[in-house]
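Numbering (this note's numbering), first residue to last: 19 to 163.
Shown next, in the form of structure tokens:
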């Protein structure tokens with residue numbers, strides 16, 4: 019056992035966060051995301067929500083202050099009737115958590131297939147049990163100042 023490691027973070031996830039360098043990205047993927055199709059390094063976090071993991075990750079990992087964005091979401095497919103007006107409710111949770119950890123953060127969005135292509139360049143994908151639509155979230159690692 020170690021002190022101060024959030025209990026929702028597995029040893030494999032902590033290892034990946036430690037191995038990532040400045041500018042590397044990690045995708046927290048929802049349960050529907052084709053993780054194995056888009057990356058060879060997949061860490062399982064079944065049964066956990068992205069919000070729960072995000073809270074734990076942001077206690078350990080700094081976000082990149084030098085980039086033009088610190089996080090990326092997958093844009094809503096135009097005309098998707100499963101999403102209420104505006105943006106998916108899960109994004110409000112992400113915005114609140116990101117703002118607490120990194121005031122002034124910038125959240126970027128990418129079209130679905132551009133997002134898939136982008137995830138191939140991520141250091142790793144964490145496949146979660148998140149069921150919220152458009153719950154996928156990429157984080158860009160920063161430096162310890």
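Ideal Cβ positions, reconstructed from N, Cα and C, are used throughout, including at glycine.
- Message: In chain order, what are the residue ranges of uninterrupted beta strand (DSSP E) at least 3 long that sit wholly in the stretch 29-112?
- Response: Segments of the beta strand (DSSP E) lying fully in the stretch 29-112: 43-47, 60-63, 89-92.
- Item | Collapsed DSSP secondary structure at residue 157 in the structure displayed | The residue you call residue 157 lines up with position 139 of the chain shown. The answer is strand: DSSP assigns residue 157 an E or B state.
- Just to confirm, does residue 120 get its C-beta within under 7 angstroms of one of the non-hydrogen atoms of the ligand NAD? Of ligands this structure carries none, so the ligand NAD is not represented either.
- Message: Please report the distance separating the alpha-carbon of residue 123 from that of residue 56.
- Response: The residue labelled residue 123 in the question sits at position 105 within the chain shown. The residue labelled residue 56 in the question sits at position 38 within the chain shown. Cα to Cα, the separation comes out at about 26 angstroms.
- Using three-state DSSP, classify residue 145 as helix, strand or coil. Position 127 of the chain shown, counted from the start, is the residue given in the question as residue 145. Three-state DSSP puts residue 145 in a strand.
- Query: Nearest to residue 146 by CA position, among 82, 21, 154, is which residue?
  - Reply: For the purposes of this step, residue 146 is taken as the residue at position 128 of the chain shown. That would be 154, whose Cα lies nearest to the Cα of residue 146.
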